[in-house]
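This is the structure we're talking about:
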């Protein structure tokens, strides 16, 4: 259990204790008012016609005056009030610490290193950024979500009609083939978006000859 979890637990206990003691104080004050009301009950004369003007004094039910009971109730009220203040301060302090912790966590910007690029036994592979500027592998500065153009240079004076490029794959599939060609850069290419969890790009590429099929195979 880390520091943040401990503060959360203490804060929850403090809030629950605060409201529990608050309810107890309300009950205690209510009982004290009832006690005071009973002690102030008035004796009412009860006139009986059989005795003429002679009155029989009847008293209402009243609790015997007990100062010790009243003092204990007052002490209990003082103690619960102090506990209420204590847990209230703990709850306020806990909320403050949690808010500070959340602010510090949200203010920390995670640092991510650019993906490592590995070219697998393939000559002529060139990587471009989204503006078709060539990227130097030793100084790559791309992050997750960036768009790359991964190309393979064509061979001049050959019957090359397409290429296939795979990234982070073991085997070739039909979807790796591309006929997209940039005449200015003289490359067959694919567009690739770097995923969030990619720490490396393992790139392989091959050119296809109408006469000799896939080269370098």
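Numbering (the working numbering), first residue to last: 34 to 250. Glycine included, C-beta positions come from ideal geometry on N, C-alpha and C.
State buried or exposed for residue i, treating a residue as buried only when at least 16 other CB atoms are found within 10 Å of its CB.
i	result
residue 234	buried
residue 133	exposed
residue 13	Nothing can be reported for residue 13, as the shown portion of the chain is limited to 34 through 250.
residue 211	buried
residue 290	Since the first residue shown for the chain is 34 and the last is 250, residue 290 is missing from the structure and cannot be characterised.
residue 45	exposed
residue 115	exposed
residue 315	Look at the range of the chain in this structure, 34 to 250, and you will see that residue 315 is not part of it.
residue 170	exposed
residue 236	buried
residue 92	Note that residue 92 scores 47 on pLDDT, short of 50, meaning its location in the model is unreliable and no value can be drawn from it.
residue 88	No answer about residue 88 holds up, because its pLDDT of 49 lies below 50 and its placement is not dependable.
residue 127	buried
residue 180	exposed
residue 60	exposed
residue 238	buried
residue 191	exposed
Rounded to whole angstroms, how far is the Cβ of residue i from the Cβ of residue j, which I believe are closer than 8 Å?
i	j	result
residue 49	residue 123	No, residue 49 and residue 123 are not in contact; Cβ-Cβ is about 11 Å, not under 8 Å.
residue 106	residue 40	Contact flag wrong, Cβ pair sits at about 36 Å.
residue 223	residue 183	6 Å
residue 213	residue 221	7 Å
residue 119	residue 58	About 13 Å; that fails the 8 Å criterion.
residue 241	residue 200	Not really, about 18 Å apart at Cβ, beyond 8 Å.
residue 185	residue 160	Their Cβ separation, rounded to whole angstroms, is 10 Å, which puts residue 185 and residue 160 out of contact at 8 Å.
Looking at the unbroken beta strand (DSSP E) that takes in residue i, where does it start and where does it end?
i	result
residue 184	180 to 186
residue 239	233 to 242
residue 213	Looking at the DSSP string, residue 213 is not in any beta strand (DSSP E), and its letter there is neither H nor E.
residue 223	220 to 226
residue 196	193 to 200
Can you name the residues that DSSP bridges to residue i?
i	result
residue 161	167, 182
residue 247	241
Checklist entry - Does the region 154 to 167 come within contact of the region 205 to 214, defined as at least 3 CB pairs closer than 8 Å? => result no
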